[in-house]
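Start counting the sequence shown at 63; every next residue gets the next number (our numbering).
Using N, Cα and C, we set each Cβ at its ideal position, and we do this for glycine too.
Here the structure comes first, spelled out in structure tokens, and everything after it is commentary.
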Amino acid sequence: MLKMIRAGMYTSVQDGGREGLRRSAISRCGALDKPSLTIANLLVGNDANAAALEITLGQVDIAFERDCWFALTGAACEATVDGRPVWVGWRTAAKAGQHLVLKNPQYGIRSYLAVAGGIDVPVVLGSRSTDLKVGIGGLEGRRLQDGDRLKLGKASREFSGPQGVRQLPIGNRIRALPGPEYHEFDSASQASFWRSPWQLSAQSNRMGYRLQGQPLVRTTDREMLSHGLLPGVVQVPHSGQPIVLMNDAQTTGGYPRIASIIEADMYQLAQIPLGQPIHFVPCSLEEALKARADRQRYLDQLAWRLNDDN
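So, in structure tokens, the structure goes:
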């Protein structure tokens, strides 16, 4: 088992998320930086979408109550096991009674801790991911607290030693496609969306990233009917300050959609801290599809190599 000695600011159980349930108003949830979840799981022999811990802004102390292999990915975070440095992007052994301690990240904000065998919490609607809105998944449908204990599944293999891999780069230039209502915004707002830096509001969370910058102005007062929404959609409410929908967002809404973040760059957006500027870069559909295919190719090759090496 794992015991949360200090659970940190926002730590939850997340996996690959819930798919195919949006028609029932069930959000995807799951890891915001999915490539980091995948890499951590592959390092310890888990299924790519197995449940792990998503740790926001570090500051955790986790006790291992059995011998195990674990991997830490995502944010560049100073980490130690009983004072011994642990490298991000590496598979590492832990003994029963040892403590993993994470400090504040130097870069990025979300770390992923995968343990061989996965986090063994109940499956709800096809996923172990925590959905705070509905109160399902994870541990009792909530974020983790000091003193919580988490069961671990049975490891699928043994390892001969530590191993590290390259993580995907993290940057603040986020590619996006123009949205269905893009042309309802005046030319100055269209230019501002692409050319001006945006900042994350402190009110941002797993439901939506609220952006601060020059307000965007529509050229029409047309009322919109509710429409389906997906993570990555950039809505513009009456304030003119955009909101990027994240994994826990609602499934329908009626605000105009100026853009949509490409799937391949959502993991980078999930790692941007408060105060760091965000720059949106226009992208074609062909470029978006190629970026997604390139990323998946790297992860597939990584899975093959790790399986072959072990």
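- Under the three-state reduction of DSSP, leucine 278 is assigned to coil, being neither helix nor strand.
- Cβ-Cβ separation between serine 322 and glycine 302: approximately 18 Å, too far for a contact (criterion under 8 Å).
- Per DSSP, the continuous alpha helix (DSSP H) segment holding proline 97 begins and ends at 96-105.
- Here proline 304 has Leu273, Val296 and Val298 as same chain residues with Cβ atoms under 6 Å from its own Cβ, once five neighbours each way along the sequence are excluded.
- Taken through DSSP and simplified to helix, strand or coil, histidine 289 comes out as strand.
- Minimum Cα-Cα distance from glutamate 325 among the listed residues His341, Met308 and Asp109 corresponds to Met308.
- Three or more pairs of CB atoms, one per stretch, sit closer than 8 Å, so the segment 325-342 contacts the segment 222-238.
- DSSP, reduced to helix, strand and coil, places glutamine 229 outside both helices and strands of the structure shown, so it counts as coil.
- The Cβ-Cβ distance between cysteine 139 and asparagine 103 does not fall below 9 Å.
- By the C-beta density criterion, lysine 96 is buried, having at least 16 other C-beta atoms within 10 angstroms.
- A direct Cα-to-Cα measurement between valine 343 and alanine 253 gives close to 11 Å.
- According to the DSSP assignment, glutamine 330 belongs to no beta strand (DSSP E) but to the alpha helix (DSSP H) extending over 328-332.
- Contact between the segment 200-220 and the segment 160-180 is present, with at least three C-beta pairs closer than 8 Å.
- In the assembly as shown, glycine 145 is an exposed residue. Its beta-carbon has fewer than 16 other beta-carbons within 10 Å.
- The Cβ atoms of glycine 188 and cysteine 91 lie no closer than 9 Å to each other.
- Around the C-beta of glutamate 116, 16 or more other C-beta atoms lie within 10 Å, and the residue is accordingly described as buried.
- Excluding the 5 residues flanking it on each side, glutamine 168 has same chain C-beta neighbours closer than 6 Å at Ala138, in chain order.
- Per DSSP, the unbroken alpha helix (DSSP H) holding tryptophan 256 starts and ends at 249-257.
- Between glycine 120 and glycine 70, the C-beta gap is smaller than 9 Å, which places the two residues in contact.
- DSSP places aspartate 310 outside both helix and strand once states are collapsed to three, so it counts as coil.
- It is roughly 9 Å from the alpha-carbon of threonine 135 to the alpha-carbon of arginine 172.
- Contact between glutamine 76 and alanine 112 fails: their C-beta atoms lie close to 10 Å from each other, not under 8 Å.
- In this structure, DSSP gives lysine 65 an extended state, which the three-state scheme calls strand.
- Listed as beta-bridge partners of arginine 359 by DSSP are no residues whatsoever.
- Three or more Cβ pairs closer than 8 Å define a contact, and the segment 277-288 falls short of that threshold against the segment 353-372.
- For serine 173, the uninterrupted beta strand (DSSP E) segment begins and ends at 161-177.
- Minimum Cα-Cα distance from leucine 239 among the listed residues Gly226, Leu347 and Arg357 corresponds to Leu347.
- In this structure, DSSP gives tyrosine 317 a state outside helix and strand, which the three-state scheme calls coil.
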